[in-house]
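Numbering (this note's numbering), first residue to last: 1 to 323. Let me begin by presenting the structure, written as structure tokens, before commenting on it.
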């Protein structure tokens with residue numbers, strides 16, 4: 001959610017705008033149907049959104065530039081980069097995901113959760129009481145104080161009406177760029193907050209593993225939009241600057257095989273990354289030791305590593321092993 005005018009003084013976005021414009025010219029706009037963009041619009045789809053980006057870029061007359069895509073904006077940035085590789089120098093993706101809840105292969109509980117929140121938007125978004133909107137505010141900023149929750153509530157109220165907010169929410173969850181990700185050709189940095197409750201960390205790691213030569217940067221924190229006091233904030237800003245300047249940075253190559261891992265294999269790998277033995281993993285997951293051994297062998301084959309220490313290093317570099 002953004003509101004170009006309101007964000008300038010917002011504790012949620014103002015530090016982002018300040019840092020991102022310190023060494024660069026920043027162009028941003030509210031997504032169609034929200035903020036200061038036209039409210040009476042049709043088509044809340046990825047194709048419509050990327051056409052809007054194309055229109056903005058053409059109006060600016062820019063030829064080559066980096067793109068930062070935040071959350072659902074990352075999918076728009078990816079499609080633009082694939083469609084216009086001659087224009088995009090670098091791609092920075094923050095708390096991104098490859099596909100939403102209303103797409104094939106999503107776990108049932110994720111679909112149910114997204115549908116429930118969609119209904120909450122339709123019923124309670126425009127209510128005078130902010131109780132319904134506070135649910136989203138808490139998902140976006142679980143560690144923030146009451147004053148920032150109030151800002152989120154106000155931003156939601158200003159950004160869009162309930163019908164448009166529901167359309168946007170459903171549109172965001174219909175995003176599916178899994179087929180596009182292998183086509184990205186520019187240098188890419190994917191950063192994701194470890195404790196993000198809006199877009200699970202696992203989704204960002206999966207996305208990074210699908211992009212050729214993408215570097216994945218885990219960030220410490222819980223807020224969907226990092227705040228200045230969050231431990232990952234300075235890391236994110238400093239690494240983005242290094243990345244755009246083509247300097248060495250902390251992000252590590254995301255192994256291509258991570259997105260091939262099954263859900264069970266990811267759980268096992270998380271325990272491996274913590275240094276646990278096969279026996280300990282078997283006990284923790286109520287599995288037979290032989291089953292764990294087979295999982296570890298399959299994981300090693302998919303990630304093209306031959307030793308357990310190598311597997312631990314690859315897993316930790318990709319953000320596994322988080323308590």
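Heads up, the beta-carbon is just placed ideally off N, CA and C, and yes, glycines get one too. Model, not experiment: these values are computed from the prediction.
With a threshold of 8 Å on Cβ separation, who are the neighbours of residue i within its own chain once the five nearest residues in sequence on each side are excluded?
{"i": "residue 76", "result": "46, 49, 50, 53, 69"}
{"i": "residue 163", "result": "122"}
{"i": "residue 184", "result": "78, 81, 82, 91, 211, 212, 214"}
{"i": "residue 19", "result": "237"}
{"i": "residue 111", "result": "101, 102"}
{"i": "residue 224", "result": "71, 95, 139, 140, 141, 193, 196, 197, 198, 199"}
{"i": "residue 281", "result": "268, 271, 272, 287, 292"}
{"i": "residue 181", "result": "78, 98, 207, 210, 211"}
How should residue i be labelled, buried or exposed, when 16 other C-beta atoms within 10 angstroms of its C-beta is the threshold for buried?
{"i": "residue 10", "result": "buried"}
{"i": "residue 141", "result": "buried"}
{"i": "residue 226", "result": "buried"}
{"i": "residue 40", "result": "exposed"}
{"i": "residue 97", "result": "buried"}
{"i": "residue 32", "result": "buried"}
{"i": "residue 25", "result": "exposed"}
{"i": "residue 230", "result": "buried"}
{"i": "residue 62", "result": "exposed"}
{"i": "residue 310", "result": "exposed"}
Over what stretch of residues does the alpha helix (DSSP H) that includes residue i continue unbroken?
{"i": "residue 312", "result": "308–317"}
{"i": "residue 291", "result": "289–303"}
{"i": "residue 188", "result": "Here residue 188 belongs to no alpha helix (DSSP H); instead the beta strand (DSSP E) covers 188–193."}
{"i": "residue 240", "result": "231–244"}
{"i": "residue 207", "result": "201–210"}
{"i": "residue 39", "result": "Where residue 39 is concerned, there is no enclosing alpha helix (DSSP H), given that its DSSP letter is neither H nor E."}
{"i": "residue 18", "result": "14–20"}
{"i": "residue 285", "result": "278–285"}
{"i": "residue 172", "result": "162–173"}
Taking the alpha-carbon of residue i as reference, which of the options has the nearest alpha-carbon?
{"i": "residue 187", "options": "154, 200, 243", "result": "243"}
{"i": "residue 171", "options": "72, 264, 228", "result": "72"}
{"i": "residue 175", "options": "109, 160, 105, 189", "result": "105"}
{"i": "residue 218", "options": "264, 227, 169, 191", "result": "191"}
{"i": "residue 285", "options": "294, 309, 271, 297", "result": "271"}
{"i": "residue 318", "options": "290, 274, 278, 31", "result": "274"}
{"i": "residue 29", "options": "56, 118, 40", "result": "56"}
{"i": "residue 277", "options": "263, 265, 296", "result": "296"}
{"i": "residue 173", "options": "246, 239, 74, 67", "result": "74"}
{"i": "residue 149", "options": "311, 113, 12", "result": "12"}
{"i": "residue 107", "options": "118, 156, 203", "result": "203"}
{"i": "residue 266", "options": "307, 300, 84, 109", "result": "300"}
{"i": "residue 327", "options": "3, 14, 42", "result": "In the structure displayed, the chain extends from 1 to 323; residue 327 sits before or after that span and is not available."}
Tell me which residues share the same chain as residue i and place their Cβ nearer than 6 Å to its Cβ, disregarding the 5 neighbours each side in the sequence.
{"i": "residue 257", "result": "302, 303"}
{"i": "residue 259", "result": "206, 209, 210"}
{"i": "residue 87", "result": "64"}
{"i": "residue 359", "result": "The requested residue 359 is not part of the displayed model; the chain covers only 1 to 323."}
Counting only the same chain and skipping the five closest in sequence on each side, list residues whose C-beta sits under 7 Å from that of residue i.
{"i": "residue 320", "result": "269, 270, 273"}
{"i": "residue 232", "result": "193, 219, 220, 221, 226"}
{"i": "residue 38", "result": "32"}
Does residue i get closer than 9 Å to chain B when you measure Cβ to Cβ?
{"i": "residue 243", "result": "Note that chain B does not occur in the displayed structure, where there is just one protein chain."}
In the DSSP assignment, find the beta strand (DSSP E) that holds residue i and state where it starts and stops.
{"i": "residue 109", "result": "From DSSP, residue 109 is part of no beta strand (DSSP E) but of the alpha helix (DSSP H) over 108–124."}
{"i": "residue 219", "result": "215–219"}
Uninterrupted alpha helix (DSSP H) stretches inside the stretch 42–71 (no shorter than 4 residues): For the stretch 42–71, whole alpha helix (DSSP H) runs of length 4 or above, ordered along the chain, are 46–60.
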